[in-house]
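Have a look at the structure below before the remarks.
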Amino acid sequence: GHSAPLTSCLSHSSLENSFLYSYQNALHGFSAVLSQQELQTVQNHPGFLSSYKDKLVTMDTTYTSQFMSLNPSTGLWPASNFGEDVIIGVIDTGIWPESPSFSDHGMTYPSKLPSKWKGICQEGQDFNSSLCNSKLIGVRYFNKGVRSANPNVTLTMNSARDTIGHGTHTSSTAAGNYVEGASYFGYADGVARGMAPRARVAMYKVIWDEGRCASDVLAGMDQAVADGVDIISISMGFDGVPLYEDPVAIASFGAMEKEILVSSSAGNNGPRGIPLHNGIAWVMTVAAGNFDRTYVASLTVGNDKEKEQHIIVGRSIFPLNAWVKNETLIYNKTLSKCDSLELLSQAPRAIIVCEDTGFLNDQMRAISGVTNLAGAIFVSKDPSRVDLESMSCPGVLISTMELATVIDYIKSSDNPIGAIKFRQTVTRKDIAPSVAGYTSRGPSPNCPAILKPDVMAPGSLVLASWIPNGSTALVGKNMLLTSEGFNLISGTSMACPHASGVAAMLRGVHPEWSHAAIRSAMMTTAAQLDSSMMPIKDFGLNYTAASPLAMGAGHMMPNKAMDPGLVYDATPQEYVSLLCSMNFTRNQIMTITRSNEYDCANSSSLDLNYPSFVAFYDKNVTTGAMLTHKFRRVVTNVGAATASYEVKVAPPVGVKVAVWPQRLVFGKKNEQRDYFVEITYGSDGEGMVSYGSIVWVEESGKHTVRSPIVVAPTSSAGSVWMHV
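First residue of the sequence shown? That's 1 in the UniProt record's numbering, and the numbers climb one at a time after it.
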């Protein structure tokens, strides 16, 4: 066993105190608390490969199923029986088992668990095994890493019960049951449900109020593989670490070998912060998008008795069921910056107009800090581009153009009157989806040869279950509110479980598909156009057209993913070939693969059989110097028995793309064909990213199989980039 190196090197009492976890499934190894001398002794053992310090992990924080066209009558929902009997293992902060999202009401076979399931319902503080059911079929918790990092710590909740809310939210997003009357203080009200509402949930709690450690994350993923989950959903990641030190990369390799798809979040450091995490070739990396639901308030200027009355619909998420009615409107240049508590506290009781200073959060904080104002009108050039996730004062956000109407009315009236009515939800079809500004961008710093992220899913202001004793809104300076078991939050953490739920249903419909086939189907059928049939825009980059480095192959289209026509498959050995080409040592590779059976001798290639293409150039090289990058791809026919496809190329600007053959003919299902791509490009001297696509179009018109192409400067790939 893995304790052998320890047993032979350390005394029994020392061993008992130092040993944390033995990893058997997703990886081979252990974690322990060792002195420098003890570590040196272990490193001298003949079976030793590598050792790394424990690390901190970062988390990435109803209507979305309808937005993605999931329909109870046709498509992926009924085909998969809503994900029935597929098991999603969620690696997170725990779960609130009493939430109605985890009721097993309506589950078809309530007492019959899948035969492959080996998990348990681990008891702990305030958590009896009776809290599991045929929806929440298992829970476990892992805190030895946190305890060893803080030896005197007392855990506030030593069980799988969630005290943070994040895990309850992500697991209900992936597979929550139907809950009527769900809302966030009246916003987004309706029936809540997860992407795969009949799938089973297993929770592995690895994040604690007292800390978050890599060793606990590894232990949770390792156990999920042993327990027999079908999909692992992990909305967290490690920034700035190489693959052989990344717990998600290491554990997910073992999951991949068992064809368990690992769905992971890209991170929340966009648009220009540190690059994405989980940019791992054998996982699915999910970016976050905005969708077409907006939370609003109606501002009325003027009253019924006046000739002039205007109703303006502005953005708001003020949580109280309030109506600021018939209050004086004031626009005062001395006060209108709305950033001075001293000045604002001297204002009369009124609805105050605040100018666009670019510091909306500071303005809201200032208004919330005084008690004499009835409400506020905030202004932005384009309110639809503002990330409005909270509103601690009775305020409404309107446009600069609408502000002109308000000011004209105030100036023309002897007694200007206004009113604001809250808690309204509207759908705006012209602006969705778009890339969320916060979503982290590619390329992957630890594996730039693979284009990441893979797909985009809804991540902004997603309504899902929450812990009932956790505050979800602030009013004024210090009034904390709870929203009856649901919360609206944003992040790639929220996007990831959308993809996890869709992947679970695809596994239900196509149990024979590999992890790579499922990911491929989701990528090649993704959308690049929004609902106005224009290219999806990037919220974080001034609404310019979104690049695949922001949204991957595009916005997930679950029903199309069920029938992609062709898929790009990949085997464990192909991933090893990728690792062999990355200048890693043998021990570093074996830290990930855990096995001698994979060989680098005849196998080293950055050209993984992936449904996307990326090529890099050095922007410092003389403009005009041309580079050529060649790729080989193999596609598998999963559509009709006989099919033929023709290629359509949309080359990136200034780039030549040649594909041969230009026609692929299949005589039977599961038949494979290969094709080759040559990209010829040069440095533009400005470090611009350009992108295009290769699309295989079936002659019958039924299937289009699209792969993005990106040409980018090496600087965007980070310091670990190796030239091909």
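Glycine included, C-beta positions come from ideal geometry on N, C-alpha and C.
Span separating the alpha-carbon of residue i from that of residue j
i           : j      : result
ALA202      : ILE87  : 7 Å
SER707      : SER612 : 5 Å
TYR543      : ALA432 : 12 Å
LEU566      : VAL705 : 7 Å
VAL262      : ALA79  : 22 Å
ASN637      : THR472 : 48 Å
ASN332      : MET551 : 43 Å
CYS600      : SER577 : 7 Å
SER604      : ARG365 : 56 Å
ILE137      : GLY485 : 21 Å
GLY442      : MET284 : 13 Å
THR593      : GLU259 : 15 Å
ALA297      : GLU389 : 14 Å
GLY718      : GLU257 : Only weak support is given to the placement of GLY718: the predicted model assigns it a pLDDT of 38, under 50, and the question is left unresolved by the model.
residue 793 : MET195 : What is shown of the chain runs 1 to 724, which leaves residue 793 out entirely.
VAL710      : GLU84  : 38 Å
TYR645      : ASN620 : 40 Å
GLY211      : SER368 : 32 Å
ASN269      : ALA712 : 20 Å
GLU98       : SER465 : 11 Å
GLN40       : GLY667 : 60 Å
PRO319      : THR170 : 22 Å
THR156      : LEU335 : 45 Å
ARG193      : ASN587 : 45 Å
VAL657      : HIS555 : 24 Å
MET562      : THR524 : 11 Å
ARG161      : SER532 : 43 Å
PHE676      : VAL647 : 11 Å
THR482      : ASN469 : 7 Å
Extent of the continuous alpha helix (DSSP H) to which residue i belongs
i      : result
GLU327 : Counting along the chain, GLU327 falls outside any alpha helix (DSSP H), though it belongs to the beta strand (DSSP E) covering 323 to 330.
ILE407 : 400 to 412
ASP362 : 360 to 368
HIS498 : 492 to 509
ALA149 : 144 to 149
LEU343 : 341 to 344
Nearest-angstrom Cβ-Cβ length linking residue i and residue j, presumed shorter than 8 Å
i      : j      : result
THR628 : GLU678 : 6 Å
ASP538 : VAL435 : 4 Å
GLY692 : ALA650 : 4 Å
THR168 : ILE274 : So it is not a contact: roughly 28 Å between Cβ atoms.
LEU276 : PRO453 : 6 Å
ARG315 : LEU397 : 4 Å
ALA226 : LEU608 : Not confirmed; about 27 Å, so no contact.
HIS330 : ILE352 : Before going further, note that residue 330 is Ile rather than His in the sequence given. Indeed, because the Cβ distance is near 6 Å, the residues count as touching under 8 Å.
PRO247 : ALA214 : 4 Å
ILE417 : GLY302 : 6 Å
ALA350 : LEU373 : 7 Å
LEU76  : PRO558 : 5 Å
DSSP bridge partner residues for residue i (one or two, in chain order)
i      : result
PHE486 : SER465
PRO713 : TYR617
GLN424 : VAL296
PRO458 : GLY289
GLY682 : MET626
GLU123 : Looking at the DSSP assignment, GLU123 forms no beta bridge with any residue, so it has no partner.
ARG632 : PHE676
LYS205 : ASP92 and TYR141
PHE666 : ALA643
ASN637 : LEU566
ALA160 : According to DSSP, which records beta bridges pairwise, ALA160 is partnered with nothing at all.
ILE656 : Per the sequence shown, the amino acid found at residue 656 is Lys instead of Ile. THR680.
Limits of the beta strand (DSSP E) - the one that residue i falls within
i      : result
GLY167 : Note, GLY167: premise wrong, no beta strand (DSSP E); alpha helix (DSSP H) at 166 to 175.
PHE67  : Note, PHE67: premise wrong, no beta strand (DSSP E); alpha helix (DSSP H) at 64 to 67.
ALA643 : 643 to 650
GLY442 : Neither: GLY442 is in no beta strand (DSSP E) and is coded neither H nor E.
SER605 : Run containing SER605: none; DSSP gives neither H nor E here.
ARG315 : 310 to 315
GLU180 : 179 to 184
GLU698 : 690 to 698
ALA192 : 187 to 192
LYS381 : First-last for LYS381: undefined, no H or E at that position.
LEU480 : 479 to 481
| Residue ranges of each alpha helix (DSSP H) run of no fewer than 4 residues wholly in the segment 511 to 590, ordered along the chain? | The qualifying runs are 515 to 524, 548 to 551, 558 to 561 and 572 to 580.
| query | Quick one: complete beta strand (DSSP E) runs, 3+ long, within the segment 80 to 111? | reply | Every beta strand (DSSP E) of 3 residues or more that sits fully in the segment 80 to 111 is shown, in chain order, as 87 to 92.
| query | Quick one: complete beta strand (DSSP E) runs, 3+ long, within the segment 225 to 283? | reply | Within the segment 225 to 283, the complete beta strand (DSSP E) runs of at least 3 residues are 231 to 234 and 261 to 265.
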